[in-house]
Every structure is written in structure tokens, then in C-alpha cells.
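So the structure is just underneath, and the comments pick up after that.
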Amino acid sequence: MLNFKNTTIAYIAILLLLLVGSLFFYFSGWVFFYVIISYLIIIIFGSFWMKFRFFVPTFTANKTTNKPYVALTFDDGPHPVYTEQVLVLLRKYQIRATFFCIGKNIERYPDIFKKIVEEGHTIGNHSYSHKNTIGFNGTKCWINELEQTDTLIESFGVKKPAYFRPPFGVTSPHLAKAISFTSHTVIGWSIRPYDTSIKHKWAILRHIKRKLKPGSVVLLHDTHTRIPFILERLLLFLHENNYKAVTINRLLDEK
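Numbered continuously in the numbering used here, the sequence shown closes out at residue 310.
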């Protein structure tokens with residue numbers, strides 16, 4: 056299995072073999088340079104691609120289910136405008152979803168967060184700050200981010216969230232250590248339509264429809280003006296094609 060530990064051991068072994076070999080044979084210094092660069096490329100790739108599961112075990116889809124279940128997940132809320140519009144649509148179509156909430160946004164909009172909870176949706180931890188540099192956090196900083204948000208969520212009468220989604224989908228050895236301490240299950244996605252950056256609503260919908268299959272985990276954001284349009288048409292598509300949208304915990308349990 057290709058992961059951080061195995062890759063590091065393999066590259067250390069390669070470098071040691073090269074060092075020993077250099078005692079008997081001539082090796083250009085560029086050989087060592089290329090080995091180190093290739094290792095760094097793999098590390099960077101593993102940090103940003105959650106499906107790789109390079110640093111930490113990650114659930115990105117249920118590939119074994121034959122049931123037409125998919126999970127709709129919403130990141131970065133609660134938002135003062137769009138989260139409520141998302142909740143209205145989910146209520147209209149009788150759908151339960153999973154919301155990965157940012158701690159500081161829960162503090163800003165507690166009434167909206169309370170509505171998410173009251174309507175029976177699954178709550179996930181999405182860090183407290185979601186700062187742009189969060190991927191460089193040390194282990195203690197990660198633990199603080201996770202525990203601060205967990206405590207905040209629990210103050211609303213909700214059990215400690217079982218699930219965590221890393222901001223930007225970035226993982227690291229420090230995050231892996233923090234997760235082993237807090238015991239969260241890390242959740243990724245199988246469909247990422249980049250709904251916050253792509254402005255064309257129909258392009259986002261086409262991407263989701265093209266990738267959708269039983270067991271998919273769809274990453275969306277309840278923080279932008281396009282989400283009500285996208286969500287309603289996606290829910291209609293799911294209904295017309297006999298898909299059932301479920302929470303992450305339900306999708307994880309399906310065989």
C-alpha cells in the first residue's frame with residue numbers, strides 16, 4: 056500500500072543503497088537530487104489528493120454498495136443567507152444531508168446552526184478557523200482546531216461529531232497524528248464540482264451528473280449564490296433517476 060510511512064521507508068532505502076553504491080561506483084550528484092525531488096512530488100501529491108489516502112485513512116465513497124444511495128455534503132457553513140435556502144430545499148424534498156461546519160461560523164450564526172441540527176442533518180467538523188494556511192498546522196494546532204469545534208458543537212446538545220473533513224482537502228503527517236488522538240473518521244469526496252469557483256451553474260450540474268453513481272459522496276458548499284439553483288436541479292435529477300440522498304453515516308453503513 057502506497058502511503059507516507061511506506062514511501063518514506065522505500066526512499067530512505069534507495070538513498071542508502073545509492074550512498075553505499077557510490078563507494079564502489081561513480082554516481083552523479085544529480086541522481087540524489089532527482090530521488091529527493093521525486094519523493095517531494097509524491098508528498099505534495101499525497102497532501103492534496105484525498106483519494107490517495109496517503110497520510111490518513113479517508114472515506115471518499117462507498118464502492119461496495121449496489122444500492123442507489125449517494126451522500127450530499129455541504130462545507131463551510133453555516134452561512135447567514137444560503138444555508139437557510141439549502142435547508143428549505145432539503146426539507147421540500149425530504150432529504151437528510153451532512154454539513155461540515157466551521158467553528159467560527161457556528162459562533163457567528165448559532166440560530167442557523169441550530170436549525171441544521173433540529174432538522175436532523177448530520178454534523179461534521181470542518182475545523183474552527185479554516186484559515187488559508189491551516190495545512191501547515193502542527194499536531195497541537197490541529198488538535199486545538201478539532202477539539203474547539205467539537206466542544207462548540209456539543210454545546211448545542213449534539214454528540215461529539217464522528218466525522219471530520221480537512222479544509223481544502225489537505226492532509227499531512229501532523230493532521231494524521233491529531234486524528235489518531237481525536238478519533239475522528241476523515242471524510243473526503245468522490246465528486247468535487249468546484250461550485251465555489253466555477254461560475255457556470257449548468258457546468259457544475261453536468262459535472263455532478265456525469266460522475267454520479269451509487270455510493271458517491273458529493274462535495275458542495277452552502278455559501279454562495281448559485282447553490283439554491285444547483286441543489287434544486289440536482290435533487291430533481293436524483294429523484295428522476297431513482298437515487299436516494301442519504302447522510303454520510305448512512306452511506307458508510309451500507310453494504
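Ideal placement from N, C-alpha and C gives every residue a C-beta, glycine not left out. Nothing here was measured: the structure is a model prediction, and the numbers come from that model.
I think residue i touches residue j, with their Cβ atoms under 8 Å apart; what is that distance to the nearest whole Å?
i	j	result
Tyr124	Lys299	5 Å
Leu275	Asp250	6 Å
Gly179	Thr153	6 Å
Lys215	Ser184	Not really, about 19 Å apart at Cβ, beyond 8 Å.
Phe110	Phe59	5 Å
Arg146	His176	Contact flag wrong, Cβ pair sits at about 10 Å.
Leu144	Leu290	6 Å
Leu267	Ile246	7 Å
For residue i, count neighbouring C-beta atoms within 10 Å of its own C-beta (all shown protein chains included) and say buried if the count is 16 or more, exposed if not.
i	result
Val301	buried
Leu57	exposed
Pro20	Within the shown structure, residues of the chain are numbered from 56 to 310, placing residue 20 beyond reach of any answer.
Ile242	buried
His255	exposed
Gly270	buried
Asn61	exposed
His294	exposed
Asn192	buried
Val75	exposed
Leu71	exposed
Asn297	exposed
Asn121	exposed
Asn187	exposed
What is the DSSP secondary structure of residue i, reduced to helix, strand or coil?
i	result
Ile253	coil
Asp130	strand
Tyr81	coil
Thr302	coil
Phe155	strand
Ile150	coil
Asn160	helix
Asn192	coil
Phe107	helix
Thr226	coil
Leu267	coil
Leu275	strand
Val172	helix
Among residues of its own chain, excluding the 5 on either side of residue i, which ones have a beta-carbon nearer than 8 Å to its beta-carbon?
i	result
Val172	Ile178, Phe211, Gly212, Val213
Glu162	Leu207
Below 6 Å CB to CB, which residues in the same chain sit around residue i once its five sequence neighbours on both sides are set aside?
i	result
Ala68	none
Glu200	Ser182, Tyr183
So, at 7 Å on beta carbons, what are the nonlocal neighbours of residue i in its own chain, with the 5 sequence-adjacent residues on each side left out?
i	result
Lys310	The pLDDT assigned to Lys310 is 46, lower than 50, so where the model puts this residue is not dependable; a value taken from the coordinates is nonetheless given after this. Around Lys310: Thr119, Thr120.
(request) Determine, using beta-carbon pairs with one atom in the segment 247 to 263 and one in the segment 226 to 239, whether at least three such pairs fall under 8 Å. (result) Short answer: they don't touch.
(request) Please determine if the segment 224 to 233 and the segment 103 to 117 are in contact, where contact requires at least 3 C-beta pairs separated by less than 8 Å. (result) yes
(message) Would the segment 154 to 171 count as touching the segment 130 to 144 if we require 3 or more Cβ pairs under 8 Å?
(response) yes
(message) Using a Cβ distance threshold of 8 Å, determine whether the segment 267 to 283 contacts the segment 134 to 143, with at least three qualifying pairs required.
(response) yes
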